[in-house]
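Undergrad: The structure is given below, and queries will be raised subsequently.
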Amino acid sequence: MKASTFQTLIVGLLCLAIAGLSGGLYNQYQHVAELQSTNTQYRQTLDTLQLDSSTLKDAQEKLQFALKDLKQMVDSGEQQANTLDPMLDQWAQEIQELRDGLAARANEVDMTALRARLEQVEQQLLDLRTQLSPPPPTPSAAKPKKTARPKPVPLSPPFSVLGVESRSGERFLAVAPPNSRSLMDVRLLHSGEQLGAWHLIVLELHSAIFAVAGQPDQNVHLP
-15 MKASTFQTLI VGLLCLAIAG LSGGLYNQYQ HVAELQSTNT QYRQTLDTLQ
35 LDSSTLKDAQ EKLQFALKDL KQMVDSGEQQ ANTLDPMLDQ WAQEIQELRD
85 GLAARANEVD MTALRARLEQ VEQQLLDLRT QLSPPPPTPS AAKPKKTARP
135 KPVPLSPPFS VLGVESRSGE RFLAVAPPNS RSLMDVRLLH SGEQLGAWHL
185 IVLELHSAIF AVAGQPDQNV HLP
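Structure, rendered in structure tokens:
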């Protein structure tokens, strides 16, 4: 073999070896670049997970505070309920006793109110007859001067008017003894019912009309 041919062969082999090494180095470079890219993605994912973990921790702490406040509100509500329940039971019992008392006295009250109303009508009829039939004047008697009839003075009711309550579409007048603060003393008067000598004739929008034996109708203003 000639020396020139051998040198050519050696140079060719070296070129092939260099080309192979270059290809291997290129492949290694690409692999390293892929690993770096993957590492960067992993770091970004890890940062995102750490951020999500921090956000979740903050949300957990806020939720714990909210649960603590809610527990305090529930405890406070239970204390208020324990305080209000006996009062509500007492009021319900007093209202039921009032209803029972009204039902027991209904017939007696109706008869008393009817009797008082009848006496008032008879008295008004008697007054009307007296006004329409004056005694004839005598010639010797001096003509009396006309005097104005005194205006009747309104009577003060023997009770305090608390207001008007509606039950099943009907209006009742709530009254109680003067200066009384107990629900046991409250009475509900319907039209036609009577409290003492005061008989409720009608319950108007802003006043209540009472009939009192021997007196004109009394107009009591509502609060």
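Okay, so the sequence shown: first residue is -15 according to this note's numbering, each after it adds one. Don't be surprised by glycine CBs; every beta carbon is placed ideally from N, CA and C.
Between which two residues does the beta strand (DSSP E) holding Leu146 run?
TA: Per DSSP, Leu146 belongs to the beta strand (DSSP E) from Ser144 to Arg151.
Undergrad: Please check the pair Val196 and Leu139, which I expect to be a contact at CB under 8 Å, by giving their CB distance rounded to whole angstroms.
TA: At roughly 6 Å, the Cβ-Cβ gap stays under 8 Å, so Val196 and Leu139 are in contact.
Undergrad: Enumerate in chain order the residues of its own chain whose CB-to-CB distance from Trp186 is below 7 Å, with the five nearest sequence positions on each side excluded.
TA: Looking at the sequence provided, one finds Val at residue 186 rather than Trp. Ser175 and Ile193, listed in sequence order.
Undergrad: Start and end of the beta strand (DSSP E) containing Glu154?
TA: Residues Glu154 to Ala160.
Undergrad: Applying the criterion that 16 or more other CB atoms from any shown protein chain within 10 Å of the CB defines a buried residue, is Gln12 buried or exposed?
TA: Per the 10 Å Cβ criterion, exposed.
Undergrad: I'd like the span of the beta strand (DSSP E) that includes Leu206, first residue to last.
TA: Here Leu206 belongs to no beta strand (DSSP E), and DSSP marks it neither H nor E.
Undergrad: In or out: Gln28 buried (at least 16 other Cβ within 10 Å) or exposed?
TA: Burial call: exposed.
Undergrad: Does DSSP classify Leu179 as helix, strand or coil?
TA: Leu179: strand per DSSP, three-state reduction.
Undergrad: Does the beta-carbon of Leu184 have 16 or more other beta-carbons within 10 angstroms, so that it is buried, or is it exposed?
TA: With 16 or more other Cβ atoms within 10 Å, it is buried.
Undergrad: Quick one: what does DSSP say Ala197 is sitting in, helix, strand or coil?
TA: Ala197: coil per DSSP, three-state reduction.
Undergrad: Please report the distance separating the alpha-carbon of Lys41 from that of Asp53.
TA: Between Lys41 and Asp53, the C-alpha separation is close to 19 Å.
Undergrad: Going along the chain, which residues of its own chain have a beta-carbon closer than 7 Å to the beta-carbon of Val204, five neighbours each way excluded?
TA: The residues are Pro141, Val145, Ser191, Ala192 and Phe194.
Undergrad: Go to Arg171, then tell me how far its beta strand (DSSP E) extends in each direction, as first and last residue.
TA: Run containing Arg171: Arg171 to Leu173, per the beta strand (DSSP E) assignment.
Undergrad: Do Leu33 and the ligand ATP come close, with the Cβ less than 6 Å from some heavy atom?
TA: Because no ligand of any kind appears in the structure shown, any question about the ligand ATP cannot be addressed here.
Undergrad: For the segment 158 to 176 and the segment 73 to 84, state whether three or more C-beta atom pairs, one from each stretch, are separated by less than 8 Å.
TA: The segment 158 to 176 vs the segment 73 to 84: in contact.
Undergrad: Going by C-alpha to C-alpha distance, which of Ala3, Leu72, Gly147 and Ala100 sits closest to Leu179?
TA: Here the closest residue by C-alpha is Ala100.
Undergrad: Straight-line CA distance for Pro162 to Phe143?
TA: Those two C-alpha atoms are separated by around 5 Å.
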